[in-house]
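For reference, the structure is listed below as structure tokens.
Protein chains: 2
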Amino acid sequence: MSNKLTIQRIAELADVSKATVSRVLNEYPHVRPEVREKVQKVISETGYQPNNIARLLASDRSSIIGLVISASAQMVFNDPYFPALTEAISRGAADNNLILSLFVSYTEKQGRDTLSGILAAGLFDGLIITADHKGDAFISQLQEADIPFVFIGRPGEAEGINYVDADNVNGGYLATSHLTGLGYCRIGTIASDQNTAGDDRLAGYQSALEERGIAIDEALLAFGDYTLESGYVAMKELIRRKPEAVFVGSDTMALGALRALREAGLRVPQDIAVVSHDDLPPAIQADPPLTTVRQQISTTGQMAVEKLAQIIMTGKASPAQHIINPVKLIVRESCGAAQLN
Amino acid sequence: MSNKLTIQRIAELADVSKATVSRVLNEYPHVRPEVREKVQKVISETGYQPNNIARLLASDRSSIIGLVISASAQMVFNDPYFPALTEAISRGAADNNLILSLFVSYTEKQGRDTLSGILAAGLFDGLIITADHKGDAFISQLQEADIPFVFIGRPGEAEGINYVDADNVNGGYLATSHLTGLGYCRIGTIASDQNTAGDDRLAGYQSALEERGIAIDEALLAFGDYTLESGYVAMKELIRRKPEAVFVGSDTMALGALRALREAGLRVPQDIAVVSHDDLPPAIQADPPLTTVRQQISTTGQMAVEKLAQIIMTGKASPAQHIINPVKLIVRESCGAAQLN
DNA sequence: ACTCTTCTTGAAACCGGTTTCAAGAAGTAT
DNA sequence: ATACTTCTTGAAACCGGTTTCAAGAAGAGT
Chain A
0 MSNKLTIQRI AELADVSKAT VSRVLNEYPH VRPEVREKVQ KVISETGYQP
50 NNIARLLASD RSSIIGLVIS ASAQMVFNDP YFPALTEAIS RGAADNNLIL
100 SLFVSYTEKQ GRDTLSGILA AGLFDGLIIT ADHKGDAFIS QLQEADIPFV
150 FIGRPGEAEG INYVDADNVN GGYLATSHLT GLGYCRIGTI ASDQNTAGDD
200 RLAGYQSALE ERGIAIDEAL LAFGDYTLES GYVAMKELIR RKPEAVFVGS
250 DTMALGALRA LREAGLRVPQ DIAVVSHDDL PPAIQADPPL TTVRQQISTT
300 GQMAVEKLAQ IIMTGKASPA QHIINPVKLI VRESCGAAQL N
Chain B
0 MSNKLTIQRI AELADVSKAT VSRVLNEYPH VRPEVREKVQ KVISETGYQP
50 NNIARLLASD RSSIIGLVIS ASAQMVFNDP YFPALTEAIS RGAADNNLIL
100 SLFVSYTEKQ GRDTLSGILA AGLFDGLIIT ADHKGDAFIS QLQEADIPFV
150 FIGRPGEAEG INYVDADNVN GGYLATSHLT GLGYCRIGTI ASDQNTAGDD
200 RLAGYQSALE ERGIAIDEAL LAFGDYTLES GYVAMKELIR RKPEAVFVGS
250 DTMALGALRA LREAGLRVPQ DIAVVSHDDL PPAIQADPPL TTVRQQISTT
300 GQMAVEKLAQ IIMTGKASPA QHIINPVKLI VRESCGAAQL N
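Note that the protein sequences, when read in sequence, are chains A and B. Take the first sequence: its position 282, counted from the start at 1, is 281 in numbering that gives the first Met the number 0, and no numbers get skipped. Take the second sequence: its position 273, counted from the start at 1, is 272 in numbering that gives the first Met the number 0, and no numbers get skipped.
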């Protein structure tokens, strides 16, 4: 307390110069071991902590990264995906000694304004952006600003951009081929054209059907926007086509689908099998518990931070990298696999 | 791009001194209107943005506030309360031109470490702390560090501390007296002793019963920890006491309670009425939709930011303030009120 | 023993602003 | 016209670090 500790004060106490203290702090070479020790002793005795602001003004590095979540309020509120991701990134930031700042925006315009503010502030060492919309208007802005950034989820325009994403194509494939493997043929899907993840999962669904020689029936394809309500509406529509099974593109939509099925008096999995995607907490809490494709959101978040940290350190000379996290099918009750044993 | 714009450069272009440019930037008085205009013209023409880091080193103010969420992983993941709160605070921060940094920690020790790091960094103008545990070990640390802070939720030790909270006592009261008003007498509750909100809601429950002259039956009192699972377990226990109605301390726990009731073959509200607290999205999505007490989380978040901003500006001379946000009963189907019309 | 490197170290410049201080200009009261 | 305020303004100090530069000390090579 009392007298503020500055590097100058430490220097005096250790009877060396500011420069030497700085060298010790930053673990630079060329300091005699004894001197280094002496300084370290003073530092630990006094509990000195260098002033980050000053440090960063001088070194042009803030150790602060921003997380920009740009999604409809609907999604941020209702889908546990964002909390889980935020949490993972927050953890990753802490692990990498980075401070995480959070920006949430609901409309594309708002997002763009937020971003302008962020870039103008010049406070951040890098950004993690969640790719909500396909056409990511942010990208040109980011590239112009020359700030390191990593996307979470493949952006529409992925050329030369670092991103981390789940293996959504395989997710759709695994879910669907599990259903074909169980003998189902009339398999519908609730997809989403809101982002590339939706496209990819749909592509996986299609390839699984093709592999089995099952013709793709457009009538069994419905779209949602990742909300529970949209899953409900889409399922109501699909019910009329009488599918034997359905692959729903997210757990949250699957919850809506389950409700539609319940209302229609259809039992899951006896009358219709359901497989979804994400494996967020609601999946296991659902009735019946959902067979779903697990994407390791925590891994995704951490890798994004690590990649960003690396770009920040190395100066992003390296070519853009696309990190795809594997997914895994988690079999529970909604697919009917349990019955078959 | 190219040549970095500094205040010095602007000063040269406008043919004045750095000091004058600074005065214009900060809207200080004592600058001739013509000069002010001339400088502003240069600023807008060049698109100059002052360097925040330098600014804050000199002015000892960062415009960055931290949000410290200290809760079990269970809660952060599963209860939409935290996402909603985070979102509200993020919005409030943006409105007040503050940058929000996020810190999530799961154990008290971890929280303490996080806090130490934050305080040592000296980067933040103030903090918003979610009061998870009752005994808030953080408080002394915070007071010692002499940093402005505001709690969300009344901390166990609230003496002289600024906090914003929902009117939980009234919440418990409204929920319970709604049930007594519907004629129920054997009213159980699933409370929580995890935080003061739980205590307060329980107190409200008790006062509503007392008001009606209904003796409080310890056997009708069960505890949970805000998770869905704990609500499920607590409800299973309560079922044995055959209550006619139950006030559940959070929507998330109510979801678990509903499951327990469904499994026990009890219909809601015909066999047992349920009222809960929070009015988060799952409440309306539940089956049946929950009658619940709405707490305006977005208001709470915004007020916390505003209070903090005010303390930061004014230097926190003013005495500690306790802001209590009103709550409101939202009647849906789980309480059986619909039947009675 | 003498020259050439390589280590250590401190002084001083620097990062880009804000704030203090003093001085000249302008305005007001006598 | 004179003395006193009040406005404007720029020079310079300052915030607390990092980094450059130069110089003295120590080590290596012949």
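Beta carbons are placed, not taken as given, at the ideal position from N, Cα and C, and that holds for glycine.
For residue i, which residues from the same chain have a beta carbon less than 8 Å from its beta carbon, with the 5 sequence-adjacent residues on both sides left out?
| i | result |
| --- | --- |
| Ala10(A) | Ser16, Lys17, Thr19 and Val20 |
| Leu208(A) | Thr175, Thr179, Ile186, Ala214 and Ile215 |
| Pro242(B) | Arg185, Ile186, Gly187, Leu219 and Ile271 |
| Cys334(B) | His177, Leu178, Leu181, Ala244, Pro268, Ala272, Val273, Val274 and Thr290 |
| Gln48(B) | Leu4 |
By a C-beta neighbour count over all protein chains shown, 10 Å radius and 16 as the cutoff for buried, is residue i buried or exposed?
| i | result |
| --- | --- |
| Asp199(A) | buried |
| Asp112(B) | exposed |
| Gly187(B) | buried |
| Met302(A) | buried |
| His276(A) | buried |
| Asp250(A) | buried |
| Arg258(A) | buried |
| Asn340(B) | Unreliable positioning characterises Asn340(B) in this predicted model, as indicated by a pLDDT of 42, which lies under 50. A coordinate reading is not provided. |
| Gln7(A) | exposed |
| Ser1(B) | Per-residue confidence for Ser1(B) stands at a pLDDT of 35, beneath the threshold of 50, marking its modelled position as unreliable; no derived number is given. |
| Tyr80(B) | buried |
Which bits of chain A does residue i rub up against, with CB to CB less than 8 Å?
| i | result |
| --- | --- |
| Gln48(B) | Ala119, Ala120 and Gly121 |
| Ser139(B) | In chain order: nothing, as chain A lies at least about 14 Å away. |
| Phe81(B) | Pro82 |
| Leu99(B) | Ser100, Leu101 and Phe102 |
| Ala61(B) | Note that residue 61(B) is Ser in the sequence shown here, rather than Ala. Result: Ile52. |
| Glu305(B) | Here the premise fails: no neighbours, minimum Cβ distance about 18 Å. |
| Leu107(B) | According to the sequence provided, residue 107(B) is Glu. The question's Leu does not apply to it. The contacting residues do not exist; Glu107(B) stays about 16 Å from chain A at best. |
Spatial neighbours of residue i within its chain, please: CB distance less than 7 Å, with the 5 preceding and 5 following residues excluded, ordered by chain position.
| i | result |
| --- | --- |
| Ile160(B) | Ile138, Phe150, Pro154 and Ala319 |
| Val30(B) | Thr19, Arg22 and Val23 |
| Ser416(B) | Chain B is shown only over 0 to 340; residue 416(B) falls outside these bounds and no answer can be derived. |
| Asn169(B) | Gly203 and Val326 |
Using the beta-carbon of each residue, which ones in chain B are nearer than 8 Å to residue i?
| i | result |
| --- | --- |
| Ala256(A) | Going along chain B, no residue has its Cβ under 8 Å from Ala256(A), so there is no contact; the nearest lies around 13 Å. |
| Arg90(A) | Val103 |
| Asn77(A) | Pro79 and Pro280 |
Based on Cα-Cα distance, which residue from the options lies nearest to residue i?
| i | options | result |
| --- | --- | --- |
| Gly264(B) | Met234(B), Ile117(B) and Asn50(B) | Met234(B) |
| Val163(B) | Asn25(B), Ile310(B) and Asn324(B) | Asn324(B) |
| Ala190(B) | Arg266(B), Leu99(B), Leu220(B) and Ala244(B) | Leu220(B) |
| Ser297(A) | Glu305(A), Thr291(A) and Thr290(A) | Glu305(A) |
| Val330(A) | Asn194(A), Thr175(A), Gln205(A) and Tyr80(A) | Thr175(A) |
| Leu114(A) | Thr299(A), Gln140(A) and Pro49(A) | Gln140(A) |
| Glu158(A) | Glu332(A), His321(A), Ser333(A) and Ala336(A) | His321(A) |
| Asp224(A) | Gly212(A), Asn25(A), Thr195(A) and Val245(A) | Thr195(A) |
| Ala336(A) | Gln284(A), Val273(A), Glu210(A) and Tyr47(A) | Val273(A) |
| Ile52(A) | Ser317(B), Arg261(B), Met252(B) and Ala119(B) | Ala119(B) |
| Arg261(A) | Tyr80(A), Gly110(A), Ile238(A) and Gln193(A) | Ile238(A) |
| Gly248(B) | Arg266(B), Ser43(B), Tyr27(B) and Phe222(B) | Phe222(B) |
Kindly examine the ligand FMN and report whether one of its heavy atoms sits closer than 7 Å to the Cβ of residue i.
| i | result |
| --- | --- |
| Glu11(B) | The ligand content of the structure shown is nil, which means the ligand FMN is not present either. |
Please list, in chain order, all residues of the same chain as residue i whose beta carbon is under 6 Å from its beta carbon, the five residues on each side excluded.
| i | result |
| --- | --- |
| Ala218(B) | Arg240 |
| Asp278(A) | Thr291, Arg293 and Ile329 |
| Leu97(B) | Ser62 and Ile64 |
| Ala13(A) | Lys37, Val38 and Val41 |
| Gly91(A) | Gly300, Gln301 and Val304 |
| Gln205(A) | Ile215 |
| Ile311(B) | Asp124, Gly125 and Pro147 |
| Glu25(B) | The sequence given here has Asn at residue 25(B), not Glu. No residues qualify anywhere along the chain. |
| Gly110(B) | Ser69 and Ser104 |
So residue i contacts chain A; which residues on that side make the cut at Cβ distance below 7 Å?
| i | result |
| --- | --- |
| Glu209(B) | Chain A residues near Glu209(B): none, gap ~36 Å exceeds 7 Å. |
| Contact residues within the stretch 262 to 286 of chain A, judged by C-beta distance below 9 Å to chain B | Within the stretch 262 to 286 of chain A, the qualifying residues are Leu279, Pro280, Pro281, Gln284 and Asp286.
| Using a Cβ cut-off of 8 Å, which residues of the stretch 218 to 243 of chain B contact any Cβ in chain A, in chain order? | Cβ contacts with chain A: Leu227.
| task | Taking a Cβ distance cut-off of 8 Å, strictly less, list which residues of the stretch 32 to 59 of chain B are near chain A, in chain order. | result | Taking 8 Å as the upper bound on Cβ-Cβ separation, chain A lies near residues Gln48, Asn50, Asn51, Ile52, Ala53, Leu55 and Leu56 of the stretch 32 to 59 of chain B.
| query | Using a beta-carbon distance cut-off of less than 7 Å, what residues from the stretch 154 to 177 of chain A approach chain B? | reply | Answer set for the stretch 154 to 177 of chain A: empty.
| task | Name, going along the chain, the residues of the stretch 2 to 30 of chain B whose beta-carbon falls closer than 8 Å to a beta-carbon of chain A. | result | Residues: none.
| message | To be precise: take each residue of the stretch 306 to 337 of chain A, compare its Cβ to all Cβ atoms of chain B, and keep it if any distance is under 7 Å. Which residues remain? | response | Those residues of the stretch 306 to 337 of chain A that come within reach of chain B (Cβ to Cβ, closer than 7 Å) do not exist; the list is empty.
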